[in-house]
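Protein chains in written order, with the numbering used here: chain L, 1 to 338; chain F, 339 to 730. By construction, the Cβ of each residue, glycine as well, lies at the ideal position given by its N, Cα and C atoms. The next block holds one structure in the form of structure tokens; read it before the comments.
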Amino acid sequence: MDAIFLQILNGLDKGGAYALIALGLTLVFGTLGVVNFAHGAIFMMGAFCAVTLEKLLTLSVKVKDESVTFFDAYKETPYLELWFGDTGTAIIDWSVPLSIILAIPVMLLIGIVMERSLIRHFYKRPHAEQILVTFGLAIVLQELVKAAFGANPIPQGAPDIVSGSAAVGAIFGLGEAVVYPWWRLIYLAFSLITIGLVFSFLHFTTYGMVVRAGMADRETVELLGINIERRFTIVFGIAAVVAGLAGVMYTPVLPPDYHLGMDFLVLSFVVVVVGGMGSLPGAVAAGFLLGILQSFSSMTEVKDIFPGIDQIIIYLVAVVILLTRPRGLLGRRGVMES
Amino acid sequence: MSNTKIVSPKKDMIFMAILSVVVLTMPIWLQPFGAAYPDLMQKFMIFGIFAIGYNILFGLTGYLSFGHAAFLGVGSYTAVWSFKLLSMNVIPAMIFGTVLSGLFALAIGFVSLRRSGIYFSILTLAFAQMSYNLAYSVLTPITNGETGLQLAQSDPRILDHMSGIVADGSLPTPNLFGIEGIGYSGFYICAALMLISFFIYLRIFRSPFGLKLRAIKSNQNRMGYTGFSTRPYLMTAFVISGMYAGLAGSLLAVTDPLAGAERMQWTASGEVVLITILGGVGTLIGPLLGAGIIKYFENIFSAFNDDVLLNAFSFLPDWLAHPVASVVGLFVGEGWHLTLGLVFMLIVIFLPGGIMEGITRLTRLVTKRDKAEPKSEAHETKEKEQTSAGEV
Numbered sequence: 001m002d003a004i005f006l007q008i009l010n011g012l013d014k015g016g017a018y019a020l021i022a023l024g025l026t027l028v029f030g031t032l033g034v035v036n037f038a039h040g041a042i043f044m045m046g047a048f049c050a051v052t053l054e055k056l057l058t059l060s061v062k063v064k065d066e067s068v069t070f071f072d073a074y075k076e077t078p079y080l081e082l083w084f085g086d087t088g089t090a091i092i093d094w095s096v097p098l099s100i101i102l103a104i105p106v107m108l109l110i111g112i113v114m115e116r117s118l119i120r121h122f123y124k125r126p127h128a129e130q131i132l133v134t135f136g137l138a139i140v141l142q143e144l145v146k147a148a149f150g151a152n153p154i155p156q157g158a159p160d161i162v163s164g165s166a167a168v169g170a171i172f173g174l175g176e177a178v179v180y181p182w183w184r185l186i187y188l189a190f191s192l193i194t195i196g197l198v199f200s201f202l203h204f205t206t207y208g209m210v211v212r213a214g215m216a217d218r219e220t221v222e223l224l225g226i227n228i229e230r231r232f233t234i235v236f237g238i239a240a241v242v243a244g245l246a247g248v249m250y251t252p253v254l255p256p257d258y259h260l261g262m263d264f265l266v267l268s269f270v271v272v273v274v275g276g277m278g279s280l281p282g283a284v285a286a287g288f289l290l291g292i293l294q295s296f297s298s299m300t301e302v303k304d305i306f307p308g309i310d311q312i313i314i315y316l317v318a319v320v321i322l323l324t325r326p327r328g329l330l331g332r333r334g335v336m337e338s
Numbered sequence: 339m340s341n342t343k344i345v346s347p348k349k350d351m352i353f354m355a356i357l358s359v360v361v362l363t364m365p366i367w368l369q370p371f372g373a374a375y376p377d378l379m380q381k382f383m384i385f386g387i388f389a390i391g392y393n394i395l396f397g398l399t400g401y402l403s404f405g406h407a408a409f410l411g412v413g414s415y416t417a418v419w420s421f422k423l424l425s426m427n428v429i430p431a432m433i434f435g436t437v438l439s440g441l442f443a444l445a446i447g448f449v450s451l452r453r454s455g456i457y458f459s460i461l462t463l464a465f466a467q468m469s470y471n472l473a474y475s476v477l478t479p480i481t482n483g484e485t486g487l488q489l490a491q492s493d494p495r496i497l498d499h500m501s502g503i504v505a506d507g508s509l510p511t512p513n514l515f516g517i518e519g520i521g522y523s524g525f526y527i528c529a530a531l532m533l534i535s536f537f538i539y540l541r542i543f544r545s546p547f548g549l550k551l552r553a554i555k556s557n558q559n560r561m562g563y564t565g566f567s568t569r570p571y572l573m574t575a576f577v578i579s580g581m582y583a584g585l586a587g588s589l590l591a592v593t594d595p596l597a598g599a600e601r602m603q604w605t606a607s608g609e610v611v612l613i614t615i616l617g618g619v620g621t622l623i624g625p626l627l628g629a630g631i632i633k634y635f636e637n638i639f640s641a642f643n644d645d646v647l648l649n650a651f652s653f654l655p656d657w658l659a660h661p662v663a664s665v666v667g668l669f670v671g672e673g674w675h676l677t678l679g680l681v682f683m684l685i686v687i688f689l690p691g692g693i694m695e696g697i698t699r700l701t702r703l704v705t706k707r708d709k710a711e712p713k714s715e716a717h718e719t720k721e722k723e724q725t726s727a728g729e730v
């Protein structure tokens, strides 16, 4: 029971990352009709926003260490600590959550620039060419990040106060022994909130309503005199922000390196296909579903029966879904069906 | 592209002859480019085979597979196992590698070809990733996991022992009845196989079967309305291209009898897509060119490091040489993939037909001066001399 509970939590927060990336992919596909293979790279760049901010905050200077009296010792002290004392230390400690503030404008900008300069020219071209050009873009982005930050993973710490484990067992009446890392719970909450925000933006604002109308019937919306293209560009930016934030918050869970994006891209595409191309609830549901399935299949009890199942479960599910229900779990009729 | 015009068989034969001469004299005319060493030329041949096989599927039918590296991997593993169990002769290795990849492609194609478009891409990608993940984990007894499958002194090699070939203390190398699989002899083995594969590929291109594959690309529905069931044709194309990939994989094992799972990763599938697009999708000679160019530049660019660059820019004043060298350094050496990605993007954006389209445009520019087209990308002129046989 305890193990199952933990696996569900595990799956939910892994699924949170999948759902956030898949949500962006689906938004882009649903609005612009573009299959964006560079979306994983956007996730990765979000993660590196956190790395950049941490690097900036910890810019340090050599200071003489007064506590060593036998010889001249020096230690690296961040400027922030020198200038603001304890406040500075706290800011550095909170660098990952603070990166969100940096990541939102940066990712929005990256998204809009990407859309205006490249993706725009590929609306009308075949899906194969969209895949290819964004695949090329993904390579370029990841190589740039590699050139700037090196090839090794750069670990990021969660703030001290939440770096421990939460006694979730006690809360749910399962015994004291059941604990779970705080940060992963926060990630789960964060992803749920972000998903909620995106959905309420689309459903409860006029802007979102127009976007949805454009997704359903672009031509009519344009005939009504609305510049739908500009809105779709903004939507692309929002998708980039969502993926970027997913990346920022994921850094304490998994130290980011330059091919993080490629690893997640394949998985999140599978998620999108399972959920149904163009269906936002489908992407979210499939993200959590596949996350949970993946964490259950990595339990030793399951692995004893089907060796290796944890490695292939997601792809296996995708194959079965595609063959039995080609438009995915919640896909609309007629979207990319053959 | 527009290879639908009827070409007489005689012309094809002449073309084949020219290509053979060009390929077989590579050790001579590649000298000035600094690429005339066997390892690299073998890579040209092997990836040429891989790419022309891929072109049969992607170029003719338009089905974008993102999982062809799986077949390459299967071919490699099979070949190494054949070296271990049967004989160091390359013939059984290649036969088994090709046949097994073909069977594997049959199984994957049977499932994947039920869908088209992006779903097909995702399905092939999913299968390739499954094979890759399994090769790393559960299939370790067969694939030797992360270490990679290697030859060992104590391998049984039944056929070799029966025919009395005994290894003399050192590890045996793959050979063709005594002709070694490495060095220049290895290059000629690969070159011969490449030419044979190319000939088959040429025949497929010109055959009614090839025409039907092209019809699938241009309009699958209409093809169905005229009474053709497209599945068997697609299936055949998929299996053939899988077998080409398997042959390429087993040749990789011939040149270096070590098979690792990273050969099956999806980025490896991406590479063959890059090669095919760069050369020219659906063109006859494009994929070969693409393979040559990518492997050549990979080799040249990767060799650059900071010192070499600083030397190259030593004519500049000191304060300028360092920044210039570091900027250029982004694109070469370790950063070679950055260049590759950029070039690839430019090709997809401006020249979807790849280098072959560039060449066609250039020839049109030369022959018809009145209809001037300003599109003459600089890098094509460079490539032109490498394509002495590119006029088909």
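Limits of the alpha helix (DSSP H) - the one that residue i falls within
| i | result |
| --- | --- |
| LYS381/F | 376-399 |
| SER666/F | The sequence given here has Val at residue 666/F, not Ser. Where VAL666/F is concerned, the enclosing alpha helix (DSSP H) stretches over 656-667. |
| SER439/F | 428-450 |
| VAL63/L | No alpha helix (DSSP H) contains VAL63/L, which is instead part of the beta strand (DSSP E) from 60-64. |
| TRP183/L | 182-204 |
| TRP604/F | 604-617 |
| ILE312/L | 309-324 |
| ASP498/F | 496-500 |
| PRO690/F | Note, PRO690/F: premise wrong, no alpha helix (DSSP H); not H, not E. |
| VAL592/F | 568-593 |
| ASP304/L | 300-305 |
| GLY317/F | What is shown of chain F runs 339 to 730, which leaves residue 317/F out entirely. |
| GLY136/L | 127-149 |
Run of the beta strand (DSSP E) containing residue i, from where it starts to where it stops
| i | result |
| --- | --- |
| TYR74/L | 74-78 |
| SER358/F | Segment 347-362 is the alpha helix (DSSP H) holding SER358/F; no beta strand (DSSP E) there. |
Sequence-distant residues of the same chain with beta carbon closer than 6 Å to residue i, five excluded per side
| i | result |
| --- | --- |
| VAL270/L | ILE314, ALA318 |
| PHE388/F | ALA583, ALA586, VAL610 |
| THR719/F | Caution is warranted here: a pLDDT of 44 is assigned to THR719/F, below 50, making its placement in the model unreliable, and no coordinate value can be reported. |
| TYR634/F | ALA373 |
| ASP2/L | LEU174, VAL178 |
| GLN603/F | TYR470 |
Supposed contact pair residue j and residue i - C-beta distance, whole angstroms, cut 8 Å
| i | j | result |
| --- | --- | --- |
| LEU398/F | GLY620/F | 6 Å |
| LEU616/F | ILE693/F | 6 Å |
| PHE396/F | THR614/F | 6 Å |
| VAL210/L | LEU202/L | That pair is no contact at about 10 Å. |
| GLN349/L | GLY261/L | Here chain L comprises residues numbered 1 to 338, so residue 349/L is not present and cannot be evaluated. |
Own chain residues within Cβ distance below 8 Å of residue i, not counting five before or after
| i | result |
| --- | --- |
| MET573/F | LEU444, GLY447, PHE448, LEU451 |
| MET107/L | ILE42, MET45, GLY46, CYS49, GLY237, ALA240, VAL241, ALA243, GLY244, LEU245 |
| ALA151/L | ASP257, TYR258 |
| LEU612/F | GLY628, ILE632, LEU678, PHE682 |
| LEU668/F | LEU676 |
Contacting residues, own chain, Cβ-Cβ under 7 Å from residue i (five flanking each side not counted)
| i | result |
| --- | --- |
| SER640/F | GLY671, TRP674 |
| GLY331/L | GLY276, MET277, GLY278, SER279, GLY282 |
| LEU551/F | LEU398, THR399, TYR571, ALA575 |
| ILE292/L | ILE8, GLY11, LEU12, GLY15 |
| ALA19/L | SER191, ILE195, ALA283, VAL284, GLY287, PHE288 |
| VAL235/L | LEU27, THR31, VAL211 |
Subject >> Near-chain L residues of the stretch 655-673 of chain F - C-beta to any C-beta below 7 Å >> reply: Correct list: LEU668, GLY673.
Original post:
Listed from N- to C-terminal order along the chain, which residues in the stretch 600-613 of chain F have their beta-carbon within a distance smaller than 9 Å of any beta-carbon of chain L?
Top reply: The residues in question are TRP604, THR605, GLY608, VAL611, LEU612.
Original post:
In chain order, what residues of the stretch 96-123 of chain L put their CB closer than 9 Å to some CB of chain F?
Top reply: Within the stretch 96-123 of chain L, the qualifying residues are LEU118, HIS121, PHE122.
**OP:** Note down, one range per segment and in chain order, each beta strand (DSSP E) of at least 3 residues found wholly within the stretch 19-57 of chain L.
**Re:** If we require 3 residues or more, the stretch 19-57 of chain L turns out to have no beta strand (DSSP E) run fully inside it.
Original post:
Of all the residues that make up the stretch 427-461 of chain F, which are near chain L by a beta-carbon distance shorter than 9 Å?
Top reply: Hits within the stretch, in order: VAL449, SER450, ARG452, ARG453, SER454, GLY455, ILE456, TYR457, PHE458, SER459, ILE460, LEU461.
Original post:
What residues from the stretch 226-247 of chain L come within 8 Å of chain F, judged by C-beta to C-beta, listed N to C?
Top reply: Correct list: empty, as no residue qualifies.
Original post:
For the stretch 401-412 of chain F, which residues have a beta carbon sitting closer than 8 Å to at least one beta carbon of chain L?
Top reply: For the stretch 401-412 of chain F, the set of positions with a beta-carbon nearer than 8 Å to some beta-carbon of chain L reads LEU402 in chain order.
Original post:
Which of the residues in the stretch 299-311 of chain L, read from start to end, lie with their CB under 7 Å from any CB of chain F?
Top reply: Within the stretch 299-311 of chain L, the residues whose Cβ lies closer than 7 Å to some Cβ of chain F are PRO307, GLY308, GLN311, listed in chain order.
Original post:
Can you list, in chain order, the stretches of the alpha helix (DSSP H) that have 4 or more residues and sit fully within the stretch 224-295 of chain L?
Top reply: As far as the stretch 224-295 of chain L is concerned, its whole alpha helix (DSSP H) runs of at least 4 residues are 228-250, 260-275.
Subject >> Residues of the stretch 258-277 of chain L with Cβ closer than 8 Å to any Cβ of chain F, in chain order >> reply: Residues passing the 8 Å Cβ filter: MET262, VAL266, PHE269, VAL270, VAL273, MET277.
**OP:** Could you list the residues in the stretch 673-707 of chain F with a C-beta less than 8 Å from some C-beta on chain L, going in chain order?
**Re:** Hits within the stretch, in order: GLY673, HIS675, LEU676, LEU678, GLY679, LEU680, PHE682, MET683, VAL686, ILE687, PRO690.
Subject >> Contact set between the stretch 459-478 of chain F and chain L, restricted to residues whose Cβ is under 8 Å from the partner >> reply: The stretch 459-478 of chain F vs chain L, Cβ under 8 Å: SER459, ILE460, LEU461, LEU463, ALA464, PHE465, GLN467, MET468, ASN471, LEU472, TYR474, SER475, VAL476, LEU477.
Original post:
Quick one, which residues of the stretch 541-554 of chain F are near chain L if we go by CB-CB under 9 Å, in chain order?
Top reply: Answer set for the stretch 541-554 of chain F: empty.
**OP:** Using a Cβ-Cβ cut-off of less than 9 Å, list which residues of the stretch 317-331 of chain L approach chain F; keep chain order.
**Re:** Close to chain F, meaning a Cβ-Cβ distance shorter than 9 Å, are the following residues of the stretch 317-331 of chain L: ALA318, VAL319, LEU322, LEU323, PRO326.
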